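K.L.:
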Amino acid sequence: LQDFKDNTRILYDRIDWRVGVYTIPFKLRLSSFNFDANVNLGANLGAKIRWSREVEGGLSFEPILGFGLASIKLDESNSKANGSNNTNVSAFTINTGLLVHVTKSINVGFTFGFDYLSKNDQNNYDWKYNGKGWLGIGINVAFSNQNDNTGNEGNNSGEK
11 LQDFKDNTRI LYDRIDWRVG VYTIPFKLRL SSFNFDANVN LGANLGAKIR
61 WSREVEGGLS FEPILGFGLA SIKLDESNSK ANGSNNTNVS AFTINTGLLV
111 HVTKSINVGF TFGFDYLSKN DQNNYDWKYN GKGWLGIGIN VAFSNQNDNT
161 GNEGNNSGEK
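Taking the working numbering, I'd label the letters of the sequence shown as residues 11 to 170.
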């Protein structure tokens, strides 16, 4: 067993498919170069690409595709809402971007996406950012199994 360990090395998968939950606390609205802070929560699918197969937690990048919900604050500056009927509505969000892995399961993401109000809410409030692009910086926490590699210690697949 020691000879085997001395003559082999652990190689991790080059690409790990992952599912995660994300939040994007700040968005830069491109149509008016305006920062927007709202509650945004969603899910994403990504492909983590390792720079080196020999380093488990080394530099890696992950292209992502995600969707979720955002709470949008409507007021007189961005919609037909006036001071007496400022409100929050939900919007459907789609986005794509790139995650830079900081630790094994926590990452920083740079995203580009779009928010869409329901047809009824858009007709009622005429939100000026509906369907217009934004840039965001977000945080991603991954829940997928990170132990799928060729060097799992103790992983004998039922063999004795």
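Built from N, CA and C at the ideal position, the CB exists for glycine as well.
Computed from a prediction, not measured in an experiment: that's the story for all the values here.
For the beta strand (DSSP E) containing residue 44, list its first residue and its last residue.
P.N.:
Its beta strand (DSSP E) spans residues 44 to 47.
K.L.:
Does the Cβ-Cβ distance between residue 55 and residue 31 come in under 9 angstroms?
P.N.:
No, they are not a contact pair.
K.L.:
Taking 6 angstroms as the limit between beta carbons, can you name the residues of its chain near residue 7, skipping five residues before and five after?
P.N.:
It is not possible to answer for residue 7, since the shown part of the chain is limited to 11 through 170.
K.L.:
State the start and end residues of the unbroken alpha helix (DSSP H) segment that holds residue 135.
P.N.:
Taken as a continuous stretch (DSSP letters only), the alpha helix (DSSP H) holding residue 135 covers 129 to 135.
K.L.:
Mark residue 27 as exposed unless 16 or more other C-beta atoms lie within 10 angstroms of its C-beta, in which case mark it buried.
P.N.:
Counting Cβ neighbours within 10 Å, residue 27 comes out exposed, since fewer than 16 surround it.
K.L.:
Rounded to the nearest angstrom, what separates residue 107 and residue 76 at their Cα positions?
P.N.:
Answer to the nearest angstrom: the Cα atoms are 9 angstroms apart.
K.L.:
Does residue 58 come out as helix, strand or coil in the three-state DSSP assignment?
P.N.:
In the structure shown, residue 58 sits in a strand (DSSP, three-state: E or B).
K.L.:
When you compare only the Cα positions, how much space is there between residue 16 and residue 72?
P.N.:
Taking the straight line from one Cα to the other gives about 32 angstroms.
K.L.:
Give the single residue among 59, 121 and 135 whose Cα lies nearest to the Cα of residue 98.
P.N.:
If we check each option's Cα against that of residue 98, 135 comes out closest.
K.L.:
Who pairs with residue 139 in a beta bridge, going by DSSP?
P.N.:
Per DSSP, none; premise fails for residue 139.
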